[in-house]
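Peer 1: Below: one structure in structure tokens.
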Amino acid sequence: MKNVVVIGAGVGGLASAVRMAARGHRVTMLEAGTSVGGKLAEHRDAGHRFDRGPSLFTMPELMEELDRLVPEGPKRPPNFAYRTLDRSTHYFWEGESEPLVAWTDNRKFARDVEARWGAPAKALLRHLGSSRDAFELTRGVFLERSLHDVKTYASAAAWKLLGRVWKLPILGTLHAHNAKQFKEPKLQQLFNRYATYNGSDPYQAPAMMHVIPHLEHGIGTFLPEGGMRSIPLHLEKLANHLGVTIHTECAAERIVHNGQRVTGVNDALGNTHQADLVISNADLHPTYRKLLPDLNAPERILGQERSTSGVIFYWGVRGDHPKLGLHNILFSKDYKAEFQHIRERGTPGPDPTVYINITSKELPQDAPEGCENWFVLMNVQANPDQWTDEAVATLKAQVLDKVERTLGTRPDIVCEQVLRPQDIEGLTGSWKGALYGASSNSATAAFLRHRNQSTQLEGLYFCGGSVHPGGGIPLCLLGAKIVDDLAHAS
Ligand SMILES: Cc1cc2nc3c(=O)[nH]c(=O)nc-3n(C[C@H](O)[C@H](O)[C@H](O)COP(=O)(O)OP(=O)(O)OC[C@H]3O[C@@H](n4cnc5c(N)ncnc54)[C@H](O)[C@@H]3O)c2cc1C
């Protein structure tokens, strides 16, 4: 049995704690915030409940895997509960009165696309099939193992990948790949948007992002019972059941070491927690700059471009909007110009793409009778400095105009809260408020993500969105598994 200290109770930290405790180690978690969850927080306003961060839940099998680590017995928490949805997103374009619904039944989706734009259903099904093949071929190397462990390159998954690498879209950008597959610009835009899944730009991100549509169209779309917030709350229950000690409002201040291996963690309350293993789930920047100032920081990795951030409005909205579903995207007219604006000026510009998530469509208890809870997110550059009150007011006016132009109505807002990049950074420690750590805007990005195990200090590990395999809930859960494997490799 070892003493393990996990710094940060984001989804990656919680999953790591569950895994370590299930192995029989003595685990302590230090969380700076008032409760667990990190970006997976929630807030309530005038009878509405909002998930503050993620809204899209894929790969539920990763939560089920954590449930399976907890033995049956009295007081064992029930398994994680979620529902399977029949559609992912309602897509809207200005001038088209009806949304295109992305059914999870791919044949139905392809038929609707053909009926609407004449794009052959066969071509769409082929595209989704090749996304599946690419995902299955690469997951064993890029998602489920450390890229910095030689054993990865000797694994069966690596040999399989090597033998079929020619089948993968390894050249060019995601947009170039999609433009080759489809003539219809709106269909290109629809598949380009998958770059935003990890905060990237489809006109820069590599064509390999083509693996992402498979998450929704192959694996499916799901909703946790109780909303996204129930993900960290469930992991907290598992951790408590396994005997993990969780200290909230208890920031780690320093990772203590003897030059060769970690020995403990000092917290802001003046305590030292002895440790054989330390797992940092805090963003890589504060981990090196604040917790390990005496270690050589990996400057090249820390200097990488960040993923996008977001400005989010949480609106309680009066009335029913029947064309909207759980996930909705109101596309800009010129996606390329929008991403160029984000890249060069930080904001989406006058015609933003607007993502609206309304959990009360599925979970009516999330809004009072006669109202809906709108989570309205726009992609912006991870640059906290530019989001003054004036900039937020300008964006809000652009969003309201966009909603009116697209849906023919302005939302009747009964309550409002706003989250800006600086709030994301302040609440979760995510450097510059990036949603997904470093961007994936280059073909080498996957290799430049920080490793999960330190080469400088024995016993030091890293998990979460700013390190390998990257951001997003599924990847953070997979990162926890990689840390567990590395820590227990004989
Ligand atoms: C608005 C928004 C929308 C998103 N949408 C989606 C989505 O739809 N689907 C999806 O899969 N992903 C989405 N993401 C990304 C996803 O939320 C993250 O990738 C993931 O939650 C990151 O988890 P993490 O393990 O890195 O920890 P984080 O959530 O980053 O949490 C890190 C924790 O560490 C704590 N901490 C930091 N420093 C210290 C310290 N010194 N001592 C103690 N504690 C410390 C912080 O308080 C925090 O609780 C979204 C993110 C945001 C913000």
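Numbering follows my numbering, in which position 11 of the sequence shown is assigned residue number -4; successive positions increment by one, without gaps.
Just so you know, even glycine gets a beta-carbon here, dropped at the ideal spot from N, CA and C.
What you are looking at is a predicted structure, and each value in this text was computed from that prediction instead of being measured.
What is the DSSP secondary structure of N342, counted as helix, strand or coil?
Peer 2: strand
Peer 1: Put D386 into one of helix, strand or coil per three-state DSSP.
Peer 2: D386: helix per DSSP, three-state reduction.
Peer 1: Between R436, S82 and Y299, which lies nearest to V468 when the distance is taken from Cα to Cα?
Peer 2: V468 has its Cα closest to that of R436, out of R436, S82 and Y299.
Peer 1: What three-state label does DSSP hand R246 in the structure shown?
Peer 2: Strand.
Peer 1: The alpha helix (DSSP H) spanning W359 covers which residue range?
Peer 2: W359 -> not in any alpha helix (DSSP H); beta strand (DSSP E) instead, spanning C356 to V365.
Peer 1: Helix, strand or coil: which one does DSSP assign to W88?
Peer 2: strand
Peer 1: Quick check on the burial criterion: 16 or more other C-beta atoms within 10 angstroms. Buried or exposed for Q350?
Peer 2: exposed
Peer 1: Please indicate yes or no: does the CB of E201 lie closer than 7 Å to some heavy atom of ligand 1?
Peer 2: no
Peer 1: Three Cβ pairs or more, each shorter than 8 Å: is that satisfied between the segment 17 to 25 and the segment 242 to 250?
Peer 2: no
Peer 1: Residues in the same chain with beta-carbon distance under 6 Å from A142, minus the five sequence neighbours each way, listed in chain order, please.
Peer 2: Excluding sequence positions up to five before and after A142, its CB lies within less than 6 Å of the CB of G125 and V126, all in the same chain and listed in chain order.
Peer 1: Considering only the beta carbon of each residue, do E401 and R395 sit closer than 8 Å?
Peer 2: No, Cβ-Cβ distance for E401 and R395 is not below 8 Å.
Peer 1: Does the pairing of the segment 48 to 64 with the segment 164 to 175 give three or more beta-carbon distances under 8 Å?
Peer 2: no
Peer 1: By the 10 Å Cβ neighbour count, where 16 or more other Cβ atoms means buried, how is V302 classified, buried or exposed?
Peer 2: buried
Peer 1: Following the continuous beta strand (DSSP E) through L41, name the residue where it begins and the one where it ends.
Peer 2: Per DSSP, L41 belongs to no beta strand (DSSP E) and is neither H nor E.
Peer 1: For ligand 1, is there a heavy atom less than 7 Å away from the beta-carbon of E57?
Peer 2: no
Peer 1: Mapping DSSP to helix, strand and coil, what is D252?
Peer 2: It is a strand residue.
Peer 1: Which of the three DSSP states, helix, strand or coil, is assigned to H112?
Peer 2: helix
Peer 1: Closer than 6 Å by C-beta to L128: which residues in its own chain qualify, once you throw out the five before and the five after it? Chain order, please.
Peer 2: P454 and L463
Peer 1: Assuming E68 and E210 are in contact, meaning their beta carbons sit under 8 Å apart, how far apart are those beta carbons, in whole angstroms?
Peer 2: Contrary to the premise, residue 68 reads as Arg rather than Glu in this sequence. Going by Cβ atoms, the distance from R68 to E210 rounds to 7 Å, so yes, they are a contact pair.
Peer 1: For V12, verify whether its CB is less than 7 Å away from any heavy atom of ligand 1.
Peer 2: no
Peer 1: At which residues does the beta strand (DSSP E) containing M14 begin and terminate?
Peer 2: R11 to L15
Peer 1: Since T272 contacts F35 with CB under 8 Å, what's their CB separation in whole angstroms?
Peer 2: Contact flag wrong, Cβ pair sits at about 29 Å.
Peer 1: DSSP puts Q402 in a beta bridge; with which residues?
Peer 2: Y299
Peer 1: Output yes if chain C places a C-beta closer than 8 Å to the C-beta of H202; else output no.
Peer 2: Going by chain labels, chain C is absent from the structure shown, which holds only one protein chain.
Peer 1: For G184, tell me which candidate among T293, L311 and N256 has the shortest Cα-Cα distance.
Peer 2: T293
Peer 1: What are the uninterrupted segments assigned as alpha helix (DSSP H) that are 4 or more residues long and contained completely in the segment 144 to 188, given in chain order?
Peer 2: 159 to 166 and 170 to 177
Peer 1: For Y188 versus H160, is the C-beta distance shorter than 8 Å?
Peer 2: In this structure, H160 lies closer than 8 Å to Y188 by Cβ.
Peer 1: With burial defined as no fewer than 16 other Cβ atoms inside 10 Å of the residue's Cβ, what is the status of T387: buried or exposed?
Peer 2: Reading off the sequence, residue 387 comes out as Lys, not Thr. So K387 counts as buried.
Peer 1: Could you have a look at Y421 and say whether DSSP puts it in helix, strand or coil?
Peer 2: coil
Peer 1: Tell me whether G456, by its Cβ, gets closer than 7 Å to a heavy atom of ligand 1.
Peer 2: yes
Peer 1: Let me confirm a value: R285 is counted as buried when at least 16 other C-beta atoms fall within 10 Å, else exposed. Which label applies?
Peer 2: With fewer than 16 other Cβ atoms within 10 Å, it is exposed.
Peer 1: From S131, H112, T206 and S427, pick the residue whose C-alpha is nearest to that of Q173; which is it?
Peer 2: H112
Peer 1: If contacts are defined as beta-carbon pairs under 8 Å, then N368 and P333 qualify, I think. What distance do you get, rounded to the angstrom?
Peer 2: In fact, because the Cβ distance is near 13 Å, the residues do not count as touching under 8 Å.
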